[in-house]
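For the sequence shown, counting from 1, position 342 maps to 342 in the working numbering; every step adds exactly one.
What follows is one structure encoded as structure tokens, with my remarks underneath.
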Amino acid sequence: MFLDLQNITVRYPQTSSPAVNAVSLQLAAGEIGVLIGPSGSGKTTLLRSIAGLEQPQVGNILLDQTLLDGPNVRIAAEQRRIGMVFQDFALFPHLTIEDNIGFGLRDLARPQKKLRVAEMLELVGLIGSHDKYPHQLSGGQQQRVALARALAPQPRLLLLDEPFSSLDIELRERLAYDVRQILKQANITALMVTHDQLEAFAIGDVVGVMHAGQLEQWAAPYALYHRPTSRFVADFIGHGVFVPGRLVKTANGLMVSTALGELHDVNDTLPDYSTQYFDVLLRSDDIVHDDESRFKATVVRKTFRGADFLYTLRLEDGPEVLALVPSHHDHAIGEAIGIRLDVSHVVTFPATS
Ligand code: ADP
Ligand code: MG
């Protein structure tokens with residue numbers, strides 16, 4: 001593996017629990033990893049450790065088969081050839097775009113430097129902007145310059161810490177797509193932090209969820225969404241709620257019975273058959289509005305999202321669920337509507353109570 005973190009623990013002085021706790025993860029060359037998780041879960045600390053700006057107390061960091069951090073080994077940050085793009089990606093306001101991008105290329109002769117800057121401008125789609133100043137560019141364009149500046153010295157690894165969080169949401173969505181294209185074209189290995197799930201799914205080949213210093217799951221976006229391995233990840237990713245379920249053995253195998261009907265094909269998702277009671281994850285896309293259904297639920301809240309409504313629905317026996325419903329089904333709050341389950345991946349955890 002190109003980037004290999006083995007059991008990394010980072011503790012700041014005078015703190016009770018480690019900021020990063022026994023984290024292991026791998027990235028192949030050219031892969032893009034994305035870390036998401038609540039504020040304070042250790043994402044920035046992990047990135048800073050890889051860059052050599054924090055020192056892990058435990059664990060090994062390897063990049064391209066070279067040990068950067070480990071027992072009695074510590075390669076200085078400047079010698080790691082790792083590029084970083086931060087949240088407040090300050091460009092130098094008094095330098096042209098060309099000089100901003102060329103800033104890290106002091107060792108190159110003038111013609112090579114000009115060539116490299118031109119390549120980078122082309123890569124980020126800003127040909128012709130070389131003699132402009134940062135204030136003459138939009139926020140999104142400035143962010144691309146920051147990316148070009150970080151890529152210009154040909155780092156072995158690029159780290160990005162919430163690079164879009166200062167930009168408005170519409171711009172962010174477009175930029176997320178562009179950045180993935182740019183990173184893939186540059187064929188660079190990258191690890192990015194974001195707090196936006198859609199951004200994580202749009203950019204990452206692999207996505208990791210951090211919680212209280214630990215990496216809860218490290219998986220492809222599809223697996224993370226459909227096969228969360230912990231309650232925290234199930235809760236954190238997507239719009240979902242847990243409803244109680246009871247395990248029933250039938251002639252055809254196991255099923256889980258819930259207030260909204262029976263779920264089959266659950267065998268491979270039940271880790272502990274000795275428990276009879278489970279919490280079943282129901283995401284907004286697992287619940288379908290169906291006037292013919294014998295299961296009714298009352299509309300408690302609704303959010304118009306253009307193509308669909310996100311309805312919060314209360315079931316007869318109390319629990320609330322979420323449902324994404326095409327927006328021509330415009331039901332009033334308090335109305336009882338028919339719903340049924342359409343779950344292709346049943347996710348269960350042993351009941352807590
Ligand atoms: P995130 O980037 O996920 O928001 P951080 O890595 O910034 O999380 O922080 C992880 C934990 O470490 C938090 O509890 C934070 O308060 C603590 N922390 C971060 N930086 C320092 C520091 N320089 N000194 C002491 N504690 C820190
Ligand atoms: Mg952070």
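We put the beta carbon where it would ideally sit given N, CA and C, even for glycine.
{"Query": "T44 CB to nearest heavy atom of ligand 1 below 7 angstroms", "Result": "yes"}
{"Query": "DSSP three-state assignment for T277, whether helix, strand or coil", "Result": "The sequence as given places Tyr at residue 277; Thr does not occur at that position. Note: Y277 maps to strand in three-state DSSP."}
{"Query": "Three-way DSSP call (helix, strand, coil) for Y311 in this model", "Result": "strand"}
{"Query": "Candidates I333, L137, F295 and D317, of which the one nearest F309 by Cα", "Result": "I333"}
{"Query": "Contact set for A22: own chain, Cβ-Cβ below 6 angstroms, skip 5 residues either direction", "Result": "N7 and T9"}
{"Query": "R48, enclosing beta strand (DSSP E) - first and last residue", "Result": "No beta strand (DSSP E) holds R48; the alpha helix (DSSP H) holding it covers K43 to A51."}
{"Query": "Inter-residue Cα distance where the pair is Q185 and G204", "Result": "15 angstroms"}
{"Query": "Rounded distance between the beta-carbons of R340 and D290, thought under 8 angstroms", "Result": "5 angstroms"}
{"Query": "Pair within 8 angstroms by beta-carbon distance, V243 and V280", "Result": "yes"}
{"Query": "Cα-Cα separation, R80 to D168", "Result": "33 angstroms"}
{"Query": "CB-CB length for S24 against L5, believed under 8 angstroms", "Result": "6 angstroms"}
{"Query": "Nearest-angstrom Cα separation, counted from L67 out to N60", "Result": "7 angstroms"}
{"Query": "Residue interval of the alpha helix (DSSP H) (run including K113)", "Result": "R110 to L123"}
{"Query": "At least 3 beta-carbon pairs within less than 8 angstroms: the region 139-153 vs the region 70-87", "Result": "yes"}
{"Query": "N252 versus A109, L263 and A307, residue with shortest Cα-Cα distance", "Result": "L263"}
{"Query": "For R294, the nearest candidate out of A307, L315, K302 and S284 (CA to CA)", "Result": "L315"}
{"Query": "Buried versus exposed, by CB contacts within 10 Å (16 or more), R174", "Result": "exposed"}
{"Query": "Presumed contact (8 angstroms Cβ cut-off) between L191 and L47, rounded CB distance", "Result": "7 angstroms"}
{"Query": "DSSP bridge partner residues for V241 (one or two, in chain order)", "Result": "L282"}
{"Query": "Y225: CB within 7 angstroms of a non-hydrogen atom of ligand 1", "Result": "no"}
{"Query": "Three-state secondary structure (DSSP) of D99", "Result": "helix"}
{"Query": "beta-carbon V124 near ligand 2 non-hydrogen atom, thresh 7 angstroms", "Result": "no"}
{"Query": "Beta bridge counterpart(s) of M1 as assigned by DSSP", "Result": "Answer by DSSP bridge pairing: none, since M1 is not bridged."}
{"Query": "Enclosing alpha helix (DSSP H) for R174 [first to last residue]", "Result": "I169 to A186"}
{"Query": "Opening and closing residue of the beta strand (DSSP E) in which I36 lies", "Result": "I32 to I36"}
{"Query": "Cα-Cα separation, D285 to T303", "Result": "15 angstroms"}
{"Query": "With 16 other Cβ atoms within 10 Å as the buried cut-off, status of I36", "Result": "buried"}
{"Query": "Buried versus exposed, by CB contacts within 10 Å (16 or more), S39", "Result": "exposed"}
{"Query": "Contact test: V209 Cβ vs ligand 2 heavy atom, cutoff 7 angstroms", "Result": "no"}
{"Query": "Cα-Cα separation, A76 to G238", "Result": "39 angstroms"}
{"Query": "Euclidean distance between Cα positions of G140 and G125", "Result": "11 angstroms"}
{"Query": "Collapsed DSSP secondary structure at A251 in the structure displayed", "Result": "coil"}
{"Query": "Closer than 7 angstroms: D161 CB and nearest ligand 2 heavy atom", "Result": "yes"}
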